[in-house]
Structure formats: C-alpha cells, structure tokens
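Visitor: Plus 7 on top of the position in the sequence shown (first one is 1) and you've got my numbering.
Where a beta carbon is used, it is the ideal one built from N, C-alpha and C, also for glycine.
As the structure is a prediction and not an experimental result, all values here were calculated from the model.
Questions regarding the structure given below will be posed in turn.
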Amino acid sequence: MGRFFVSFASGKRVAASAPLADEAQKRARRELVRESRDKALAAMPALPESVIRHRYDNLFYLSVAVTPEQLAVILANPEVDAVEPVGVMKADMRQGLPLIRATLPRSQYDGTGLSIAVCDTGINYLNPYLGGAAFPNAKVIGGYDVGEQKADPMDGNGHGTACAGITAGDVGNNVDYVGGVAPGAKLYALKITYDATGKYCNEDAYVAAWDWCVTHQNDNSSAPIKIISTSFSGGKYDGVCDSAKTAIANAAATAKAAGITLFNSAGNSGYCNALPSPACISSVIAVGSVYDAAVGTYLPCVSADSCVEKTASSSCDTGYYATDVTQSDKVPSYSNASPLVGLLASANMAFTLGIGSNTWNPNFGGTSAACPYAAGAGAVLQAAAKARTGSWLTPDQVFSKLATTGTAVLDPKSNLSKPRIDLQAAVASITPVPSTGYLQVNIASPAPTGGAGTWRVDGGTWRASQNVAGGLTAGAHSVDFKPVAGWTTPASRTVAVAANQTTSLSSGYGLSRTNLLPLNIPAALLANSHGINENFTGTLANWIQQQGSWSVANGMASVTADGSQTATWYSLSSNAGVYSDFTCSATLRRSDAANSTNALIVRGTPQPLNTAGNSNWFYGYVFGYTNSGSYAVFVLRDWYLTMLQNWTASDAIVANGWNTLTIKAVGSSLTFSINGTQVFAATDTSLGAGQAGVAMYTGTGGTLDVKRVTLTPIPGGTVSAAQAAEKAGAVASTLGDEAGSGR
8 MGRFFVSFAS
18 GKRVAASAPL
28 ADEAQKRARR
38 ELVRESRDKA
48 LAAMPALPES
58 VIRHRYDNLF
68 YLSVAVTPEQ
78 LAVILANPEV
88 DAVEPVGVMK
98 ADMRQGLPLI
108 RATLPRSQYD
118 GTGLSIAVCD
128 TGINYLNPYL
138 GGAAFPNAKV
148 IGGYDVGEQK
158 ADPMDGNGHG
168 TACAGITAGD
178 VGNNVDYVGG
188 VAPGAKLYAL
198 KITYDATGKY
208 CNEDAYVAAW
218 DWCVTHQNDN
228 SSAPIKIIST
238 SFSGGKYDGV
248 CDSAKTAIAN
258 AAATAKAAGI
268 TLFNSAGNSG
278 YCNALPSPAC
288 ISSVIAVGSV
298 YDAAVGTYLP
308 CVSADSCVEK
318 TASSSCDTGY
328 YATDVTQSDK
338 VPSYSNASPL
348 VGLLASANMA
358 FTLGIGSNTW
368 NPNFGGTSAA
378 CPYAAGAGAV
388 LQAAAKARTG
398 SWLTPDQVFS
408 KLATTGTAVL
418 DPKSNLSKPR
428 IDLQAAVASI
438 TPVPSTGYLQ
448 VNIASPAPTG
458 GAGTWRVDGG
468 TWRASQNVAG
478 GLTAGAHSVD
488 FKPVAGWTTP
498 ASRTVAVAAN
508 QTTSLSSGYG
518 LSRTNLLPLN
528 IPAALLANSH
538 GINENFTGTL
548 ANWIQQQGSW
558 SVANGMASVT
568 ADGSQTATWY
578 SLSSNAGVYS
588 DFTCSATLRR
598 SDAANSTNAL
608 IVRGTPQPLN
618 TAGNSNWFYG
628 YVFGYTNSGS
638 YAVFVLRDWY
648 LTMLQNWTAS
658 DAIVANGWNT
668 LTIKAVGSSL
678 TFSINGTQVF
688 AATDTSLGAG
698 QAGVAMYTGT
708 GGTLDVKRVT
718 LTPIPGGTVS
728 AAQAAEKAGA
738 VASTLGDEAG
748 SGR
C-alpha cells in the first residue's frame, strides 16, 4: 500500500498563485476544484471511497493510499495529470525576545486583530496561557486534526504546544516565560501528525492543513489567519524544490495568494548547502536559528552529510554530533544553511509551555523554536501595519521588511550571511499613511509625582508624559492639561500636527504658591525628607491603583481577583515620592491562594495608567511570599524579572495570616526580613531609587489585604541631595521614555 498525491488534468488551467484575496474568489476556486475532482473520480468507478485520504478544497489534488493495482487504474485515467509520492516529515527540534528586539514592538502591537495557524502536533488548549478551557476557547479559536481526520486537535506530544507558546502564548508571570512574541494574536491548531509519538507526519496532511487555513481564513472576521507556522520537514534539496514537490508547492502558493505568510523551520541536519521540504518551496520563508545567549558548550546531533566537524555517536539518531561553543547571534552547527534560508531567529533553550496544563518546557530549541519566533514577529509586523496604514502587508512585504531591517549574521559553515530578525527596526520601517500624524507631549520637570500630570488632545483620553497620540489628521489640534492639587496647570495650547510625522510639545506644571515647601528644593530630596506611614484608615488618596479594584475598610486596603485576570498583578504604588536609602515594611494577608505571590516592591517605577485605568511596573525590587511557606526576591528591569533569591521555604511565614515584609536598602546593600526574621541579604546595583508599592499575583484568585505600609528614610547614607535629584531625574526620564514608547 502506497500513499500518493493525484493531480487533476483540468487543474492545469488554473495557476495556484491566482488571486484569492476575497471570499468570492475562494468560492469560485472551490467550485472549480470540486468539478475537477468529481470528473476524475467518475472516470474511476472501481476505485473504492476508502482509499481517499484527503480531499482538498482549494487545490486540484487528492491524496490516496492504494495498492499497485489501484495505482494503475489511477494512472490510466485521462482526467489525471500526474501522480506524486507522499513523503514523510518529522519535527525539527531561551527566551529570545530581546535578541530579535521584540520586547518594545510587542508591547505596542501585540498581534491583536489576526490569527496564527500552528501546523504541528496540535496544541494543548487547556494550558492557562493558551486559553485554559475546552476547545475552541478564547485563545485557540479553531483548528482540526488533519493527520487523523478528527475534530479535536489536542496535542499528544508537546512540540506544537511549545511552538504555540513561543509564537503567541498569553503574557506570563513565570520568571522565564514572559509570553509569546505576539501574545495578542489568536491561534488555530492544525494537528498534522499521525503516529503515537507525534514526531512524524505525511505530506498530504501538511497540504491538508495549509488548504484548511485558506478555507477557514476568515471564520473569525476580527482575527483572520495571516500567518502559518510549521516546524516539520523532510528530505534534502540543493535548490528550489517546487518541481519535485508540486502538491506542497501548490498548497503554499495558494495560501500566499490568500495573503497568508508561511514560515517553516529550515531543519536541523547541519547541511551546508541544502534544505528539506517544505523549506525549499519558493512561497515559503525558511527560518534558520541563532543562539540567543552564551549557554556553554552544546553538542547538537547533525547529519552524516553535514560539512561541520563532527564526532560519531550512537546516542544521535543521525550517527554524529557537533561541538558548539555557544554565543549570542551565532548560527548553530545544526541549523541548515542554503541561499534559500530567508531569515534567522532566536532558538535553543527557549523557555516555553509544556504539554501539561500547568507545565513548562525549559529547553525547547532547534529551528523548531526559531520558526515560531519568526512567525510571531510576522504577526506583530502585520498588526503594526494594520494600525499604522489601515492595510495588511502582502506576504512578500512581510518578508522584505523582516529581511531588509534584520542584522546580518555570518554562518561560518557555509560562509553565507543571512538576516537575523530585528523586529523593532522592522516595525519602525512601516510608514504611517500620509493623511495622519502623531503628537507627543513631554511634561517637563518639576512635575507632579506618580504620573499625576497628564495631557489630552482634542478633549480625548488623558495621557502620561511622552505618551504618543496617533491617527491625528494633519492640522491644528488642541492640547490641555489635567489640574493637579498643589500645582499650577499649564495653559492650553494649539499645536499643528504634521502628516506622517511625530510632532513634539514640551510644557510644565508649576508649584502652587500654597505649597509650603521651598521651590528650590529638588523633587527627589523633598520626597526623601519624609516617609510613608499608612494605616489605611481613610481613603487611597496617597496611592495609585496600578491594577485591580482596591478598596479601604476596617483599617486595611483590599483587592480581590475578579476571575477575568488569570496572569497579571494587582498592585498599589505610593505617590509619596522617590526614595533611595530607607527601611520599608508592609503587613499583608492573602486568602484562598496557597501558591500565588504577595509582594512588597521598592525602588520601583510603575508605568503610567493607560486609558482603561490599568498599569504595571517597569522596574523594582520585588520581595514576595506565598501561603505555601516560601519566599523569593527578584529585580524587575523593563518588565522582566531576574531572580536574586530562588523560592525558598521559611518558618517565618504565617500561612493565611498577617506577614510583615521588610526591606532595608542602603546604596547597593539590601536586606529582606519576614516578621522580624532576616531571610536574605544581597548586594545589587541595578536600581538606585524609586517608588514603593504592594502587589498580588492573581493567577489562583483570592484576596489580598494590606494593613500597614511604612517607609523610613535613612539620612545621609550614600546619596547626597544632588545625587537624589539626579536619580529622581533619571527615573523620571526612564518613565517618560517607556511611556512614550506606547507601553
């Protein structure tokens, strides 16, 4: 019994690349395909229905599993143009966002408004970062098991779930998993594997998955399929393989004609001038990999055909391994090289989602990881184009922008230089439509603390300093400023916004004459001259609700997870000022959540509130504990948590009761105590000054109560008045830069 693609003679009249931009064109194509298929099958009445494996909606093909005698019947049919064997493909096996400069772009254009189809081993849609509910759900909105022709595309291997986590997993709070490249994008799960291990697929399932994506591209009109990510491949081809793989080439060209950009892993054999299928197809973007960091010596398996220096080993199914001394932006020995490789992206030791509903895969790598990184970058780029120009990019434009703005990286095994994705540069290359422009307003120092000074354009949404308002028609616009108690409000201004440019305006608040503090004292020094002594007996006037709906009652501030937030922080930040050297304590109690974090934050920089009244923290030292009896210490830089002290059990923690967390900070010296017992000390120079706050992680629900927060400044120390002013200015500048970036 053999498996074959069967192409119809009448299909030769229709080019696979013929336009399929709208649903009317797709319906016409599907009708022609149906007529051709019916005509071919009618000429073979002796061929049983059971031999047909896949009927394709948009391609003039069938796939069949037949005996030699049945194959002879097919070949004798004048309605059949050609027969092509179906091949077998296999899966191409750390956090790479910073390397491809995706952190800032994904905060501005996170893929919202489109979908990515992951054609792989399926997706575990029960994972909380992939919807966390039955299929279909809010994240994985559709799909199909084309490998076994079943309705449920649940992952039985983990490979597809790992790829989905990299490309579009929801934003996470794990120390290493921070969400996918395009966390706002929706997902479609196309399971293409057939064997028990989930490592192999037949080519006709590959073709069926791509064909399915064209048919169902606009099932959700608010999130059409614009990207396909596939990390399977097979074979070895020295050049473009369209003529050798006509069915796959037709499927790829058809998807591209529908406006879908196809990314495929370049493969892990270590070839020096060859690619597997479908990476060798002309309508597919082949994605190779680079190490995203120096992670020591790595011993990847490579093919016997690889030109790299290799060592024989029975532990590799290829029979050989190479020895790589890793470093950032180095092409691994295993990543196939060819002039046809289109892009390079992060890979190796990617921390992503595991197959279990609450598990992680800490070492996912190979070009299997690079492909979903690139696909996520394509989704962010498409979202940016739609927001900035009102239109989607064509697949050729997606590739061109990612390639021409990328960083050239030389692969020493092939002496070929290829572009490693620089997503920030790619997004910046998208020129807004000429009829509109942008306005950025800087609120100059001195300014109200805690981001209280805000502005708006044409009576719209209040915005933080250096935030950018977009989509403004070229011409005159009115800017006014929100009054703040104790400060004089800047006068309203009329600003001429230029088309296709960012117009800047600077204005400042003044200290009111009723303010009793001398006007010549730096703001940071004023803040450090007093402290915090909050017992929550009144209101939250001295606090900013960075996230969550907080209330004050019975001598404490409280917030409860509302059930809609499964992966975020609810927090308060003090608006008392910026502090350098101090002792800060917070008395906290958490109910109904044994494993969720409750934290005190110091030397922090919260993000200004957005239009929904929500925010997050950019920087800070985070001292957290859980009711399960463990504590940890992190430093938060640009939204990312780096662990100073891993989760450690402590008898000092009172489970489900009141716990007082204390941080003493003097220069770079930091000590951390729980209920009077010092549990950790460290020296760290990352953060010199900032605000204080409290927070709870909402992942497992529950309520956080805060009974008291105190902060006592330490006189003298290592900070002079001039240094305090300088640090306050640095923090304000950093806050403004981040706010202006649109985060």
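Within 10 Å of its beta-carbon, does K317 have 16 or more other beta-carbons around it, so buried, or fewer, so exposed?
Guide: When all chains shown are included, K317 counts as buried.
Visitor: Around the C-beta of P231, are 16 or more other C-beta atoms found within 10 angstroms, so that it is buried, or is it exposed?
Guide: So P231 ends up on the buried side.
Visitor: What span of residues does the beta strand (DSSP E) with K317 cover, start to end?
Guide: Segment 317-319, the beta strand (DSSP E) holding K317.
Visitor: Do T604 and T575 have their C-beta atoms within less than 8 Å of each other?
Guide: No, these two residues do not count as a Cβ contact at 8 Å.
Visitor: The alpha helix (DSSP H) with Q389 in it runs from where to where?
Guide: Here the alpha helix (DSSP H) through Q389 covers 374-396.
Visitor: What does the Cβ neighbour count give for T468, buried or exposed, with the cut at 16 atoms within 10 Å?
Guide: The residue is exposed, with fewer than 16 neighbouring Cβ atoms inside 10 Å.
Visitor: Would you list the one or two residues that DSSP bridges to Q652?
Guide: V640.
Visitor: Could you tell me the distance, in whole angstroms, from the CA atom of I62 to the CA atom of C287?
Guide: According to the sequence displayed, residue 62 carries Arg and not Ile. So the two alpha carbons sit approximately 24 Å from each other.
Visitor: The alpha helix (DSSP H) with V661 in it runs from where to where?
Guide: From DSSP, V661 is part of no alpha helix (DSSP H); its letter is neither H nor E.
Visitor: Would E209 be called buried (16 or more neighbouring beta carbons within 10 Å of its own) or exposed?
Guide: In the sequence as displayed, the identity of residue 209 is Asn instead of Glu. By the 10 Å Cβ count, N209 comes out buried.
Visitor: Can you say whether M8 is buried or exposed, counting buried as having 16 or more other CB atoms within 10 angstroms of its CB?
Guide: Its Cβ having fewer than 16 others within 10 Å, M8 is exposed.
Visitor: Based on the DSSP output, what are the partners of G161 in its beta bridges?
Guide: The sequence given here has Met at residue 161, not Gly. For M161, which the question treats as bridged, DSSP gives no partner whatsoever.
Visitor: Beta-carbon within less than 6 Å of I437's beta-carbon, same chain only, minus the 5 sequence neighbours each way: which residues are those?
Guide: Within the same chain, I437 has close Cβ partners A391, A392, R395.
Visitor: Please identify the residue among T374, F358, K252 whose C-alpha is closest to the C-alpha of C308.
Guide: The shortest Cα separation from C308 among T374, F358, K252 belongs to T374.
Visitor: Let me make sure I understand the geometry here. Which of T546, T612, G697 has the alpha-carbon closest to that of S587?
Guide: Residue G697 is the option with its Cα nearest to S587.
Visitor: Beta-carbon within less than 6 Å of A50's beta-carbon, same chain only, minus the 5 sequence neighbours each way: which residues are those?
Guide: Only N84, E86 meet the Cβ criterion.
Visitor: Taking the C-alpha atoms as reference points, what is the distance between N134 and V185?
Guide: Roughly 15 Å between the two C-alpha positions.
Visitor: Residues in the same chain with beta-carbon distance under 7 Å from T546, minus the five sequence neighbours each way, listed in chain order, please.
Guide: Once the five neighbours on either side are set aside, the close Cβ partners of T546 are V559.
Visitor: Thinking C-beta only, is I539 closer than 8 Å to L607?
Guide: In this structure, I539 does not lie closer than 8 Å to L607 by Cβ.
Visitor: Have a look at P402 and A259 and give me their C-alpha separation to the nearest angstrom.
Guide: Cα to Cα, the separation comes out at about 11 Å.
Visitor: Closer than 7 Å: is that where the CB of S565 sits relative to any heavy atom of the ligand HEM?
Guide: Absent from the structure shown: the ligand HEM. Ligands present: none.
Visitor: Between which residues of its own chain and Y213 is the CB-CB distance below 8 Å, once the five residues before and five after are set aside?
Guide: M96, C126, I199, T237, F239, I255, A258, P285.
Visitor: Over the uninterrupted beta strand (DSSP E) stretch that includes A476, give me the two end residues.
Guide: Residues 475-480.
Visitor: By the three-class DSSP mapping on this structure, what secondary structure does K146 have?
Guide: Three-state result, K146: coil.
Visitor: L446 and A476 look like a contact to me (Cβ under 8 Å); what is the Cβ gap, rounded to whole Å?
Guide: Indeed they touch by this definition, with Cβ atoms about 5 Å apart.
Visitor: Following the continuous beta strand (DSSP E) through C126, name the residue where it begins and the one where it ends.
Guide: It spans 122-127 - the beta strand (DSSP E) in which C126 sits, taken as one unbroken run.
Visitor: Mapping DSSP to helix, strand and coil, what is R108?
Guide: If DSSP states are grouped into helix, strand and coil, R108 belongs with coil.
Visitor: Report, in whole angstroms, the separation of the C-beta atoms of A264 and S424, which I expect to be a contact under 8 Å.
Guide: Incorrect: roughly 31 Å between the Cβ atoms, too far for contact.
Visitor: Which residues in the same chain have their Cβ closer than 7 Å to the Cβ of K337, if we skip the five residues on either side of it in sequence?
Guide: Once the five neighbours on either side are set aside, the close Cβ partners of K337 are V297, Y298.
Visitor: Do you know how far the Cα of T655 is from the Cα of S581?
Guide: Spanning the two alpha carbons is a distance of roughly 28 Å.
Visitor: Smallest Cα separation from D599: which of A72, W624, T705?
Guide: Of the candidates A72, W624, T705, the one whose C-alpha sits nearest the C-alpha of D599 is T705.
Visitor: Is the CB-CB distance between N449 and Q431 below 8 Å?
Guide: Against a cut-off of 8 Å, the Cβ pair of Q431 and N449 comes out as no contact.
Visitor: Of the residues L48, T495, V713, G700, which one's Cα is nearest the Cα of N663?
Guide: Checking every option, the nearest Cα to that of N663 belongs to V713.
Visitor: Rounded to whole angstroms, what is the Cα-Cα separation between D159 and H223?
Guide: Going from the Cα of D159 to the Cα of H223 covers about 16 Å.
Visitor: What's the C-alpha gap between S320 and G326?
Guide: Near 5 Å, if we compare the C-alpha coordinates of G326 and S320.
Visitor: Report the residue from D218, S122, C248 whose alpha carbon sits nearest the alpha carbon of Y195.
Guide: The residue with the shortest Cα to Cα distance from Y195 is S122.
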